[in-house]
Amino acid sequence: MANNLDVFAGTAVSMRGVSVTYSASGEGHIVAVDRADLDVEPGSIIALLGPSGCGKTSLLRSIAGLEEPSSGEVVIGERTVSTCPNSAVPTKRIWVQPEQRDVGMVFQDGALFPHLTVRQNIVFGLRATRKKFSKPEITARVDRLLELVDLTSYGDRMPSTLSGGQQQRVALARSLAPQPKVLLLDEPFSALDTALRVQVRAEVARILRDIGVTTIFVTHDQDEAFVLGDKVAVMQSGQIEQFGTPDELYRSPRTPWVAGFVGEANFVVGTVTDKTAAEIAATPIGMIPIVDHRVNSAESQVQVLVRPEQIALTSWSNSDDRPVGEAATVVNVEYYGHDVRYELQLDDGTTLAARTHSTELFIRGDRVVATFQRRQRNSQSAAFSIGPLRPADDR
Amino acid sequence: MTDASLAPSRPQSGSRQRTATSWVTPSRLIGLTIGALFAGPAAFVVWRTVRLGDDLGDVLSEVPAPLWRTIQLSVLVSASTAIVGTGLAWLTTRTNLPGRRLWRIALVLPLALPSFVGAAAFIAGLAPGGVLNDALTAVGITPPSRLRGLGASWLILSAFTYPYVYLPVAARLLRLRSSLDESGRMLGLSSTATFFKVTLPQLRTAIFGGALLVFLYTLSEFGAVQLLGYDTLTRVIFSSRLTNRALSFAAASVVLLLALCVVALERSQRGVSRPDDRTSVLTRQPTRLRWGTIPALAACTLVLSVGLLVPVASLATWAQRGLTDGRIGFGELVQPAMNTALVAITAAVAATVIVLPIALATTRRPHRSSNIAAISVVVGFAIPGLVLALALAVLTLNTPGLDRLYQTTALLILAYVIHFGSQALASSESAARSVPNSLRESSRLLEPNPARRFFSVDFPLMRPGLVAGAGLVLLSTVKELPATLLLSPPDFSTLSTEIWSAYEEGFYAAAGLASLVLIGVSSVLTWVLVLRGSDVVRK
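Protein chains in written order, with my numbering: chain A, 36 to 430; chain B, -3 to 535.
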């Protein structure tokens, strides 16, 4: 499919110290994005992930030129599309209008023009763009795009007659038609219901990988960010907390907040026993090797991140050969088929979540022993200082 | 299986089959009777005209000239209000115009002025001693001696009717997803091109619908064109109603047919593009006017001045002068104000009660008969007030037994009900729709008595909608002139007839004071009924 369409030259995007502020009536200024730095490699797919109000959409819109940053610089390819003079670096203001940036965008609601047919919607950008296409070229391109999004026979339909998923695919085709250097997607699947979302997401992922366009998309859904994104920027309160591959984010989050936002997280208190190269923390559920020790070395008490699937459960018994671990009571069971999620109450009162493959099923009230599982690939963990830091509860 | 299962199922009360059965049920007959009441005057006008036979040919030759003037004026006013209304709506919703929220509300206010009051205010303002005359003389311009003709009518009707376009367009713009505009930009259009290629097509239905209402309004307009000496069809009807009844009926038929076409066109337009009612946040970054700020502010100020400030100032100076002289006082207005309140409130309640059966029928048991009744109600709206009054006057005078109705408040109220019933109908229909089916079905299981069910479940839920509908009738009635002029009993004056006669006799002070009272009442009603709940104010 990709070789039918013109090759999309992947273009890098970089942002330096970008801030976006809104003037709120009576309340001065609201800082939506606070000095964000981001480097997007050509042809990659980047997710901006964060809770609502974290500034991810504002950041995306500042790349599009729909929002003018109050400071910082945005560069698309070789071209600086916006800079703001500030007191430290007196530069000239540069502002490229959105329509001159060669950027495509898919909106949350698709934003198909309701007065135009599917085909006219897709043609819209080809007519408006400065790149001139001949009539047969336009027809051929639209046909290829309709084929790409699997809507070949829908060209003459009105947008209101399409389902939500079809509308989003048309919106994608429309945004790709003028061959943008960068494609931006603003929560493109959030208006779809769950089953459809997974399906459309998979199709969009296939299309984007096929054509290799640099893509930046916004989502509040961690699954979506991980499934689609080559790299994910996790944002909170206007700042990029961490930027990395999904695996990096999941296994070695920089803060407990990130740890909790990208997946379910338990934090257990441990004592650092070995201060040599390979650190180990002694916790109630066993000895846990620490890879990312984000604590200064003076502290010996740390909180250690333990993912639910890193916990193994065995029936509690009085015998001496029972595994090292903490006795706990099963307080809740959620059966998913491929695995089972348990909520445990340790005897010291703390609660833990565990996910296990269902070799042995427990029921509410069972006594079990919870043990840190060493055999898995991710048998190491991250540790954080015991401070005011707490896992995110605003997921 | 018993035989019963083979027999055709009997229509059960409330079941769905009921829609397909006979026309002769009590509720349908009631609906058709009400419909006949609304469509009757229009039918009478056409029948009288057709019956003229050979005379028709003679009088019709006198119609084309005023018809042409009517059409000219209506087209000009519709076109200019479409442009002005759309422009103002865009300025107050999509740009960084200073004080745009305040403008957004203020620009609706000219709606509170009946256009004949506006015309009178301008004429009085330009007369020696008027506020405009003084102002123009002060800056060294000789004031025009008379305000007459097409140009003056065009200006004045536009100044008071543009809100019919402005309101729906502003409401549409406020609901329009900003992502549509932004998509236009992302696909390579400049902001101006985006307005014309993306935004404007979304507004088309609102603009067209509003402009058609303006067209209808201008077509039916009598007071303003009479004062401004522009010979339209309504003026012909009025002046020939006593001397040449054939001509007045022929002219009335022509206006009526035109009006019916316009209303039919407007109705059919509503269904054409399904409004896209997904809402979204306002454009985060309104269009920056930059150098355009001053001209934009000037335009808004000009429109508001012509539509509200100047006429009110003109009326106020005359009124104030009269009050200080002691020539006039509020005492003389008490009776007309009471009369206005009496007929308007009665008409509002009567209209709401009379159309309620139709509203219930069209929303709950739609049938051809209920559709016919609903269309008849709309015919009552389309028929110009003057034509309706003429029809009712001639009908009652020439029908033995009915002649006692002539020049009674009952007939006047009936005219209001027929003319403004469709406003109550629209509100009542949406009120009826607001009672969920499930609620009606569950109440049916709990309360067997239909009347008690209606008053304990349906009515309380429908009440806000019914009150709103009655309020709209009230507002229109207060502002109405031609039907009131023709049908009022002798010595029965309302605020609008008081203004009219005071003005015709040259008593500018008395006319000014009465107008201010009328504008005050209609502003309050407009605020409460039209504006308060609208997005234009709330967003």
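Every residue gets a Cβ at the ideal spot worked out from N, C-alpha and C, and that includes glycine. These numbers were taken from a predicted model, which means no experiment stands behind them.
Do residue j and residue i count as a contact pair if the criterion is CB distance below 8 angstroms?
i	j	result
Leu170(B)	Thr89(B)	yes
Ser484(B)	Leu386(B)	no
Leu285(B)	Asn92(B)	yes
Val258(B)	Leu212(B)	yes
Val53(A)	Gly90(A)	no
Gly100(A)	Gln143(A)	no
Pro110(B)	Leu470(B)	no
Arg390(A)	Thr364(A)	no
Phe168(A)	Arg209(A)	no
Ile350(B)	Gly397(B)	no
Leu491(B)	Pro307(B)	no
Asn288(A)	Ala418(A)	Per the sequence shown, the amino acid found at residue 288(A) is Pro instead of Asn. Cβ atoms of Pro288(A) and Ala418(A): not closer than 8 angstroms.
Gly273(A)	Ala146(A)	no
For residue i and residue j, which I take to be in contact (beta-carbon distance under 8 angstroms), what is that distance rounded to the nearest angstrom?
i	j	result
Ala82(A)	Thr254(A)	6 angstroms
Leu69(B)	Tyr226(B)	7 angstroms
Val330(B)	Tyr412(B)	With 8 angstroms as the limit, Val330(B) and Tyr412(B) do not qualify as a contact, their Cβ atoms being about 22 angstroms apart.
Ala428(B)	Leu356(B)	6 angstroms
Ala388(A)	Glu378(A)	6 angstroms
Leu180(A)	Ala226(A)	Leu180(A) to Ala226(A), Cβ: 21 angstroms. No contact.
Ile379(B)	Ala255(B)	7 angstroms
Val221(B)	Ser149(B)	5 angstroms
Gly465(B)	Ala420(B)	4 angstroms
Leu172(B)	Ala163(A)	That pair is no contact at about 20 angstroms.
Leu462(B)	Ser423(B)	7 angstroms
Ile152(B)	Phe118(B)	6 angstroms
Near residue i, which residues of its chain fall below 6 angstroms by C-beta distance, leaving aside the five closest residues on each side in sequence?
i	result
Thr45(B)	Phe245, Ala246, Ser249
Val153(A)	Tyr189, Gly190, Arg192, Val205
Leu48(B)	Ala242
Thr21(B)	none
Ala344(B)	Ala466, Val469, Leu470
Ala237(A)	none
Exposed or buried, what is residue i when buried is set at 16 or more other beta-carbons lying within 10 Å of its beta-carbon?
i	result
Ala268(A)	buried
Arg459(B)	exposed
Phe252(A)	buried
Tyr504(B)	buried
Lys216(A)	buried
Ser335(A)	exposed
Thr188(B)	exposed
Gln234(A)	exposed
Lys170(A)	exposed
His150(A)	buried
Note down, in chain order, each residue of its chain lying with its Cβ closer than 7 angstroms to the Cβ of residue i, except the 5 sequence neighbours on either side.
i	result
Gly78(A)	Gly45, Gly247, Thr249
Thr279(B)	Reliability fails at Thr279(B), whose pLDDT of 48 lies under 50, so the model's placement of it is uncertain and the value that follows must be treated cautiously. Arg90, Ser174, Asp177, listed in sequence order.
Leu393(B)	Asp399, Tyr402
Gly264(A)	Ile80, Ile81, Ala82, Pro281
Gly360(A)	Ile320, Gly321, Val404, Ala405, Thr406
Can you give me the Cβ contacts of residue i inside the same chain, cut-off strictly under 8 angstroms, excluding the 5 residues immediately before and after it?
i	result
Arg144(B)	Leu224, Gly225, Tyr226
Arg71(B)	According to the sequence provided, residue 71(B) is Val. The question's Arg does not apply to it. Closer than 8 angstroms at Cβ, skipping near neighbours: Phe211.
Asp429(A)	Note that Asp429(A) scores a pLDDT of 38, beneath 50, so its modelled location is shaky; the value from the coordinates is reported in the next line. So the qualifying residues of the chain are Pro86.
Which class does residue i belong to by DSSP, given the choice of helix, strand or coil?
i	result
Arg179(A)	helix
Asp185(A)	coil
Trp351(A)	coil
Lys167(A)	coil
Thr283(B)	strand
Gln155(A)	helix
Ser452(B)	helix
Glu299(A)	coil
Leu54(A)	Note on residue identity: the sequence assigns Ser, not Leu, to residue 54(A). If DSSP states are grouped into helix, strand and coil, Ser54(A) belongs with the strands.
Lys266(A)	strand
Pro324(A)	strand
Ser49(A)	strand
Asn335(B)	helix
Glu259(A)	helix
Phe204(B)	helix
Please list, in chain order, the chain C residues whose beta carbon lies closer than 7 angstroms to that of residue i.
i	result
Gly160(A)	The displayed structure is made up of protein chains A and B, and chain C is not among them.
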